[in-house]
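K.L.:
Handing you a structure now.
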Amino acid sequence: MTHFSRRTFLSASTAAFALPAAQEAEAAPIIALPQDIAQRDAATVMAVRTVSPVVAMTFDDGPHPSLTPKLLDMLKARGLRATFYLIGNRVVTWPDIVRRIADEGHEIGNHSWSHPNLAKYSDQGVLDQIDRTSDAIFKITGRPPVTFRPPYGSFTRRQRMMLYTNRNLPTILWSVDPQDWRRPGASVVSQRILKGSRPGAIILSHDIQSGTVKAMPSTFDTLTGRGMKFGTISQMMGWPLWQSRRFRRVSAKG
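Heads up: the sequence shown is residues -27 to -1, 1 to 227, going by mature numbering (1 follows the signal peptide of the UniProt record, and there is no 0).
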């Protein structure tokens, strides 16, 4: 497992990490060098090596019909961006929330169709889970996800390389895990995130947990008070904003 290093990370203005007005949504992309990922083993990205004060807040397992909108309200009020790793069968159940996530400047990543332990799946089974989810997200937002996060983080190195080779999707894990799925309470979730957050951190959390959503106002405000900026995973990788990329639909071949 490796960390992703970008010498040019945050070379653009830090204003690029604030949630833009609608007319500015495609401004100031950071140019990507995709070969950097392959050279560093696309298998795993856990964090970004940078001294720039930026973190990536990521939320898994949604969308949730009531909690995700509350979280989006919090992010919008503060002008922050996050990345949402969505489950395919939830995407098709709550398409309006998925559309809102994209429309408000956040990134959507692939988190499988039904949240299984993919380490036990065949390659074709893995691709079926991922392709079905990418297709659902594409149909709603007009763009496919460009990164993948495996449920439970359970994905072998061989599978990660297989996925990158076949679908050009890097696997994104995390460097901060508050274990919010154990429901330790909002204050504990916030304390754990704040304790582990450093420049370049990728923070794991779940917007299907009420305690996590309750923890976010103080977490966001404390990190912002420390001078931290919030970037999406694409921005952390040195890529253009997800909303600013141009995609054409290509039929997946198993």
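All residues carry an ideal CB built from backbone N, CA and C; glycine is no exception.
Just so we're clear, the structure is a prediction, and the values are computed from it rather than from any experiment.
#1: Taking C-beta to C-beta, are residue 246 and V71 nearer than 8 Å?
#2: Write down every uninterrupted run of the beta strand (DSSP E) in the stretch 139 to 218 whose length is 3 residues or greater and which is fully enclosed by it, in chain order.
#3: Among A109, V149 and Q132, which residue has its Cα nearest to the Cα of V65?
#4: Helix, strand or coil: which one does DSSP assign to T56?
#5: Report all residues from its chain with a CB closer than 7 Å to the CB of P26; omit the five preceding and five following residues, and keep chain order.
#6: Name the DSSP bridge partner or partners of E77?
#7: Looking only at its own chain, which residues have a Cβ that is under 8 Å from the Cβ of Q102, when we skip the five neighbours before and after it?
#8: Applying the criterion that 16 or more other CB atoms from any shown protein chain within 10 Å of the CB defines a buried residue, is R130 buried or exposed?
#9: Just verifying my parser: in three-state terms, what is the DSSP assignment at F220?
#10: Alpha carbon to alpha carbon, what distance is there between V186 and V161?
#11: With distance defined between alpha-carbon atoms, name the residue in T41, K49, V21 and E77 nearest to W67.
#12: Does DSSP classify N90 as helix, strand or coil?
#13: Please tell me whether M19 and L146 are closer than 8 Å, where the distance is taken between their beta carbons.
#14: Among D96, M47 and F57, whose alpha-carbon lies nearest the alpha-carbon of I176?
#15: Label A188 either buried or exposed according to how many other C-beta atoms from any shown protein chain fall within 10 Å of its C-beta, with 16 as the threshold for buried.
#16: Got a sec? Which residues, its chain only, sit under 6 Å from L136 by beta carbon, not counting five neighbours each side?
#17: Please classify Q132 as buried or exposed, where buried requires at least 16 other C-beta atoms within 10 Å of its C-beta.
#18: Just how far apart, CA to CA, sit G98 and G204?
#19: Look up M30 in the DSSP assignment and give the residues it is bridged to.
#20: What did DSSP end up calling V65 once you bin it into helix, strand or coil?
#21: Within 10 angstroms of its Cβ, does Q216 collect 16 or more other Cβ (buried), or is it exposed?
#22: State the DSSP-derived secondary structure class of V24, mapped to helix, strand or coil.
#23: Excluding five sequence neighbours on each side, which residues of the same chain lie with their C-beta closer than 7 Å to the C-beta of R63?
P.N.:
Short version:
#1: In the structure as shown, the chain starts at -27 and stops at 227, and residue 246 therefore has no counterpart that could be examined.
#2: 175 to 179
#3: A109
#4: strand
#5: P172, G200, M201 and K202
#6: For E77, DSSP assigns no beta-bridge partner whatsoever.
#7: G61, S85, W86, S87, P89, L91 and Y94
#8: exposed
#9: If DSSP states are grouped into helix, strand and coil, F220 belongs with coil.
#10: If I take the Cα positions, the gap works out to 12 Å.
#11: If we check each option's Cα against that of W67, T41 comes out closest.
#12: coil
#13: In this structure, M19 sits near L146, with a CB-CB distance shorter than 8 Å.
#14: F57
#15: buried
#16: L142
#17: buried
#18: 32 Å
#19: I176
#20: coil
#21: buried
#22: coil
#23: G35 and P36
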